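Numbering (our numbering), first residue to last: 7 to 267.
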Amino acid sequence: MRLNSPQINLITKACMKASRVLIRDFGEIENLQVSTKGPGDFVTSSDRKIEKILIDELQKAHPDYGIITEETGVINKSNIKNRWIIDPIDGTMNFMNGIPQFAISIGYEEDGEIKCGVIFNPILNEMFCAEKGNGAFLNNSRIRVSKKNKIKDALLVTGGPKGESKIKKEIYSEYINVSNNVSNIRKFGSAALDIAYVACGRFDGYWQREINYWDIAAGIVILKEAGGFVEFFGDNKNLPLKRNILATNSYIHEELKGLIK
Ligand code: LIP
7 MRLNSPQINL ITKACMKASR VLIRDFGEIE NLQVSTKGPG DFVTSSDRKI
57 EKILIDELQK AHPDYGIITE ETGVINKSNI KNRWIIDPID GTMNFMNGIP
107 QFAISIGYEE DGEIKCGVIF NPILNEMFCA EKGNGAFLNN SRIRVSKKNK
157 IKDALLVTGG PKGESKIKKE IYSEYINVSN NVSNIRKFGS AALDIAYVAC
207 GRFDGYWQRE INYWDIAAGI VILKEAGGFV EFFGDNKNLP LKRNILATNS
257 YIHEELKGLI K
């Protein structure tokens, strides 16, 4: 792999360390203690454990960096120049149900821009990573987006809505509209992997409303470096960590955008 910034080395190392615990916990899934976090949203003791390992590793090197994480929230709030954006397990529902479609996702943001990121599915041993200007990789191989340029031929992926969403009807009618105009749509339950899969050409595009920033932060740089295009639309100012995202191979971008109201 030809990525070598101190930040990418650090997040890769942290990811590998945390993944050993994650693999072990996945093997013992039925013994995990599960607690309720909110309607339709669960968090496992494993989630918290993984997050702690990641935070400890990253803080050893940069105690002053800001951190946004799914479980702990915001650490070192005043540092908005250098921030780690962490989702310890993206695809928690899959994880809890013994479905090996989940990932650790870590992005490094500098002055508001994601500079590098890692998305790691430890069960399939697939590590997607990228650094601005240096390309995107799946393990040791360079990845590129698909070349499909007609929306009618596209295989898309989406996620949501969450149980608490107030715009479920709109999301479902949008889904029908998109589905009537594309080859097919999948819903895999891990936004981080959804974007990573667009980056390596498995899917042609991904869109989702009301997605959390930590689910997609690392994916932004990975997809861009693989030749894709990422756009946020109609964001809600009251929910600064939520995003509506359209992430494609770039060739079908405008057509897909036209299908999303
Ligand atoms: C989940 C996503 C999933 C999305 C859910 C949720 P979590 O993340 O990646 O694809 O549809 O809205 O945010 O909660 O498992 O980290």
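Glycine is no exception: its CB is placed at the ideal position from the N, C-alpha and C atoms.
Here the structure is a predicted model, which is why all the values come from computation and not from measurement.
Any non-hydrogen atom of the ligand LIP closer than 7 Å to residue i Cβ
i, result
"residue 24", "no"
"residue 116", "no"
"residue 253", "no"
"residue 214", "yes"
"residue 170", "no"
"residue 223", "no"
"residue 99", "yes"
"residue 177", "no"
"residue 91", "no"
"residue 96", "yes"
"residue 217", "yes"
"residue 197", "yes"
"residue 166", "yes"
"residue 77", "no"
Candidates the options, of which the one nearest residue i by Cα
i, options, result
"residue 141", "153, 154, 155 and 123", "123"
"residue 146", "27, 155, 133 and 209", "133"
"residue 246", "70, 79, 232 and 21", "79"
"residue 234", "68, 9 and 202", "202"
"residue 17", "110, 230, 206 and 181", "110"
"residue 93", "65, 119, 102 and 53", "53"
"residue 226", "115, 65 and 266", "115"
"residue 135", "188, 228 and 182", "228"
"residue 90", "83, 98 and 73", "73"
"residue 180", "14, 249 and 267", "267"
"residue 204", "161, 237 and 88", "161"
"residue 139", "194, 120, 208 and 159", "120"
"residue 87", "259, 70, 164 and 77", "70"
"residue 28", "196, 159, 101 and 81", "101"
"residue 212", "163, 237 and 259", "163"
"residue 165", "35, 195, 143 and 58", "195"
"residue 35", "66, 103 and 85", "103"
"residue 159", "175, 143, 144 and 184", "184"
"residue 26", "131, 85, 84 and 99", "131"
"residue 143", "193, 230 and 265", "230"
"residue 193", "239, 84, 99 and 62", "99"
Close Cβ partners of residue i (< 6 Å) along its chain, the five nearest in sequence each way excluded
i, result
"residue 129", "106"
"residue 47", "Residue placement at residue 47 is flagged as unreliable, the pLDDT there being 41, under the threshold of 50; a coordinate-derived value is accordingly withheld."
"residue 137", "9, 11, 14 and 122"
"residue 261", "157"
"residue 81", "73"
"residue 152", "207, 210 and 255"
"residue 265", "183, 184 and 187"
"residue 19", "none"
Contact set for residue i: own chain, Cβ-Cβ below 7 Å, skip 5 residues either direction
i, result
"residue 45", "Unreliable positioning characterises residue 45 in this predicted model, as indicated by a pLDDT of 25, which lies under 50. The coordinate reading is nonetheless provided below. Cβ within range, chain order: 169 and 170."
"residue 263", "252"
"residue 10", "none"
"residue 241", "249 and 250"
"residue 12", "none"
"residue 67", "16"
"residue 188", "157, 158, 160 and 162"
"residue 237", "252"
CB of residue i within 8 Å of CB of residue j, strictly
i, j, result
"residue 96", "residue 108", "yes"
"residue 214", "residue 173", "no"
"residue 167", "residue 182", "no"
"residue 150", "residue 224", "no"
"residue 155", "residue 257", "yes"
"residue 255", "residue 210", "yes"
"residue 24", "residue 60", "yes"
"residue 76", "residue 218", "yes"
Cut-off 8 Å between Cβ atoms - residues of its own chain near residue i, not counting five sequence neighbours on either side
i, result
"residue 198", "93, 96, 97, 109, 111, 125, 221, 222, 224 and 225"
"residue 21", "60, 110, 112, 124, 126 and 133"
Chain C within 8 Å of residue i, Cβ atoms only
i, result
"residue 52", "Of the protein chains in this structure there is only one, and it is not chain C."
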